[in-house]
Amino acid sequence: MKGIDQDSAKKFHDGDFEALRNVIERYQGSVFGIGLKLLGSVDDAKDFSQDVFLHAYEKRDRYDPERPFEPWFFKLAMNLGRQKLRNRREIPGSDNMPVEVIEETACKGVLEGERKERVRHALTTLKPIYRECLALRFEADLKLHEIAEVLGISPETVKTRLRRGLMAFKESYTKAGDYSELQKC
Amino acid sequence: MNCKNAEELIADRELGLLEGGQVNELEQHLSECADCRKLADEYAFAAEALKESRADTVPPALADEVLAKAGKIHGKQSKIFRLAVPAVAAAAVLLAVVLSPVFFSKDSSDMTTLQVLEAYAEDFEAIGMEDGIGDYDTGFRYEDFGVSDTLTTYINQ
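If you're matching them up, the sequences are chains S and Z in order. For what it's worth, my numbering labels the leading residue of the first sequence as 580, then goes sequentially. For what it's worth, my numbering labels the leading residue of the second sequence as -11, then goes sequentially.
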């Protein structure tokens, strides 16, 4: 992924306020998206995003400006995400989001937002370890070895989690009846 | 290749993780297996939904709210810095003045305690604090610190 340049990262480390603005502008989409995929609601994703940027700013002296910015930044983000999931005492695979039933007659008019909501719901049924890998792949566009660095696991483990995560997502998203209906939309 | 292996490769393909030789292998299997072709359609559909669900928009106030909160942190840190630096500097100057006789006037490494005290006195005089030393002379009594008369006499000698 194309992140901020090393010069901006160094300025961020030094507490430059403009550099913080650059970081927010560059990563707010990814961070918000990760929040949505991990936590499942817009409000939670917004709180998560704020926390990530503020926490990064407060802990910026822990970032080594000689090293790439993204692994440090996304590691911090994922740690916060995990903490929020722990605070919720979320049980992997639990069904804690209301299922939205798409009316047959409204199928043609299914809004993009509803589809995204369905995706988010399907994601909440996955184990968090799969969810975080998919979020880093599909929201932050991180490569296999970058995800491995962020999560502190091997690239092979990342590959396995991504594969299993996608399998589980496909099962949940295209579960009986929904797939044919969604395909029409 | 069996259908279980094929499913893994289908998933890898949608994740962009398929390696060179595996592409042909998978294509070959799909051309022969209708069930896996259906499965491949479902995976493509699910992966597409994941890609399309990217957060292309963020709450409009997000950046402003973060910057406002970060500004408070930034301001707080600057304020601490503004107050702390002069305070530390003032303390350092005061300490330097008080300890200067010890560090700068004479080399005290081979001096007796009495010689060190005399050196203090000379330096205090030199910087105009002789009145303070006078008070020190008249006001100080070993007895106040629990030292016996015998020992006091010995020390004074």
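Beta carbons are placed, not taken as given, at the ideal position from N, Cα and C, and that holds for glycine. This one's a predicted model, so the numbers in the text were calculated from it and none came from an experiment.
Just the C-alpha distance for Z/Gly59 and S/Phe591, rounded to the nearest angstrom, thanks. Pairing Z/Gly59 with S/Phe591, the inter-Cα distance amounts to about 14 Å.
Would you report the Cα separation of S/Lys695 and Z/Val76, rounded to the nearest angstrom? 56 Å
Please report the distance separating the alpha-carbon of Z/Ala107 from that of Z/Pro74. So the two alpha carbons sit approximately 31 Å from each other.
Using 8 Å as the limit for Cβ to Cβ distance, is Z/Lys57 near chain S? Cβ-Cβ to chain S under 8 Å: yes for Z/Lys57.
If you run the structure through DSSP and keep just helix, strand and coil, what is S/Lys706? coil
DSSP state of Z/Pro47 mapped onto helix, strand, coil: coil
I want to verify the contact list: residues of chain S whose CB lies under 7 Å from the CB of Z/Pro47, in sequence order. Lys625
Quick one: Cα of S/Ile708 to Cα of S/Gly614, how far? 14 Å
Taking Cβ positions only, does Z/Ala28 come closer than 8 Å to chain S? no
Cβ contact (3+ pairs, closer than 8 Å) linking the region -5 to 5 of chain Z and the region 735 to 753 of chain S: For the pair of segments examined, the region -5 to 5 of chain Z was found to touch the region 735 to 753 of chain S: the number of CB pairs separated by less than 8 Å reaches three.
So, under 8 Å CB-CB, S/Val698 and Z/Leu50 are touching, yes? Tell me the CB distance rounded to an integer number of Å. Wrong, their Cβ atoms sit about 21 Å apart, outside the cutoff.
Drop a sphere of 10 angstroms on the beta-carbon of S/Glu718, count the other beta-carbons inside from all chains shown, and report buried for 16 or more, exposed for fewer. Buried, because 16 or more other Cβ atoms sit within 10 Å of the Cβ of S/Glu718.
Cβ-based burial, S/Ser609 [other Cβ within 10 Å; buried from 16]: buried
Using the Cα positions of S/Arg600 and S/Gln629, report the straight-line distance between them to the nearest angstrom. 13 Å
When DSSP labels each residue in this structure, what does S/Leu605 get in the three-state scheme? Residue identity check: residue 605 of chain S is Arg in the sequence provided, not Leu. Note: S/Arg605 maps to helix in three-state DSSP.
Express the C-alpha separation of Z/Ala(-6) and Z/Gly8 in angstroms, rounding to a whole number. Straight-line measurement puts the Cα of Z/Ala(-6) at about 15 Å from the Cα of Z/Gly8.
Under 8 Å, Cβ to Cβ, is there at least one residue of chain Z near S/Ser767? Residue 767 of chain S falls outside the range modelled here, since chain S spans only 580 to 764, and no answer is possible.
Could you compute how far the alpha carbon of S/Asp640 sits from the alpha carbon of S/Ala588? Here the C-alpha atom of S/Asp640 lies approximately 11 Å from the C-alpha atom of S/Ala588.
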